[in-house]
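Novice: Take this structure, written in structure tokens, and hold onto it; I'll ask about it next.
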Amino acid sequence: MRAVATGVMLGRNARPTEPWGIPMPDDESPVLRAVRRLERATVLDAVVDRAQPVVLSALRARPGVARLLHGRPLGHAAHPLLTDAPIGLWASATVLDLAGGDGARRAADRLLGLGVLAALPASVTGAADWAVSDRRTQRVGSVHALLNYAALGLYGTSWLLRRAGRRGPGVAVSLAAGGVLGVSGYLGGHMVSRLGAPPRSASGPAEPAPRGALAEEAPEVL
1 MRAVATGVML GRNARPTEPW GIPMPDDESP VLRAVRRLER ATVLDAVVDR AQPVVLSALR
61 ARPGVARLLH GRPLGHAAHP LLTDAPIGLW ASATVLDLAG GDGARRAADR LLGLGVLAAL
121 PASVTGAADW AVSDRRTQRV GSVHALLNYA ALGLYGTSWL LRRAGRRGPG VAVSLAAGGV
181 LGVSGYLGGH MVSRLGAPPR SASGPAEPAP RGALAEEAPE VL
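Each residue of the sequence shown is one higher than the one before, starting from 1 at the first, in full-length UniProt numbering.
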């Protein structure tokens with residue numbers, strides 16, 4: 001019994017390790033600390049309190065649509081899947097912009113426009129998941145959404161500039177949009193990996209726990 005107790009104490013006091021066995025540093029990165037402050041930023045609650053009832057009302061009015069937006073037919077959230085399309089299209093457009101050549105430029109313009117269209121369903125599914133998340137996730141998610149809308153507006157502006165023959169400014173605006181999108185993507189990753197968003201219950205019943213799993217190994221319910 002004494003040996004077991006000692007082993008338990010050592011296990012609890014041991015430093016966490018990376019998956020490959022290297023001890024993790026005790027301190028968080030400055031970027032992560034900044035995002036942690038967003039989680040506690042009650043000033044964002046005003047945005048949440050205004051927007052959440054509107055989104056929830058729309059979801060409750062169309063339960064079938066809500067199930068689709070939450071990814072029930074897929075068995076997990078639809079939003080992460082749908083975000084791949086606009087990000088991939090915009091990234092490809094940037095590569096073609098930098099590659100140069102008339103053919104590459106025309107293709108870049110088409111991809112950029114398609115990315116704007118593909119961002120719309122991604123935005124709607126994100127709003128649906130955000131509305132049923134916990135308050136910390138909603139605070140970070142509000143900034144995530146605002147950055148996404150800013151990036152979408154910039155990409156749309158870039159497309160209009162290109163159509164008007166002002167390609168140089170259009171490319172510059174799309175590069176700025178990519179920077180905004182990168183920051184937003186970091187916040188999205190934080191919500192998924194650190195805050196467990198979106199809630200599993202939104203996309204369907206939780207997976208059954210493995211037989212014999214320890215209670216302390218169960219995921220945290222926020």
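We put the CB at the ideal spot given by N, CA and C, even for glycine.
Just confirm the distance between the C-beta atoms of Leu69 and Ala78, as a whole number of angstroms; I'd bet it's less than 8 Å.
Specialist: Right, their Cβ atoms sit about 7 Å apart.
Novice: What separation, rounded to the nearest whole angstrom, lies between the Cα atoms of Ala119 and Ala99?
Specialist: Their Cα atoms are separated by approximately 24 Å.
Novice: State yes or no: is the C-beta of Ser193 nearer than 8 Å to some heavy atom of the ligand ADP?
Specialist: The ligand ADP is not part of this structure, which contains no ligands at all.
Novice: Any chance you could list the alpha helix (DSSP H) runs of at least 4 consecutive residues sitting entirely within the UniProt domain "DUF2231" (75 to 196), in chain order?
Specialist: Whole alpha helix (DSSP H) segments, 4+ residues: 79 to 99, 102 to 131, 135 to 163, 167 to 193.
Novice: Relative to the C-alpha of Arg37, which residue among Arg62, Arg194, Val140, Ser158 is closest?
Specialist: Here the closest residue by C-alpha is Val140.
Novice: Quick one: using the 10 Å Cβ neighbour count with 16 as the cut-off for buried, is Val42 buried or exposed?
Specialist: In the sequence as presented, Val is not what sits at residue 42; that position holds Thr. Exposed.
Novice: Should Ser142 be labelled buried (16 or more other beta-carbon atoms within 10 Å of its own) or exposed?
Specialist: Buried, because 16 or more other Cβ atoms sit within 10 Å of the Cβ of Ser142.
Novice: Can you say whether Val173 is buried or exposed, counting buried as having 16 or more other CB atoms within 10 angstroms of its CB?
Specialist: Flag for Val173 reads buried.
Novice: I need the boundaries of the alpha helix (DSSP H) containing Ser29, first residue and last residue.
Specialist: Premise fails: Ser29 is in no alpha helix (DSSP H) and is neither H nor E.
Novice: Taking the alpha carbon of Ser158 as the point to measure from, which residue in Gln52, Ala34, Leu146, Ala176 has its own alpha carbon closest?
Specialist: Comparing Cα-Cα distances from Ser158 to each of Gln52, Ala34, Leu146, Ala176, the minimum goes to Ala176.
Novice: Which same chain residues, not among the five before or five after Leu161, have their C-beta less than 8 Å away from its C-beta?
Specialist: The residues are Arg167, Pro169, Gly170, Val173.
Novice: Output yes or no for whether 9 Å exceeds the beta carbon distance between His144 and Ser184.
Specialist: Result yes, Cβ atoms of His144 and Ser184 sit closer than 9 Å.
Novice: Give the range of the alpha helix (DSSP H) segment to which Arg67 is assigned.
Specialist: From DSSP, the alpha helix (DSSP H) with Arg67 extends over 63 to 70.
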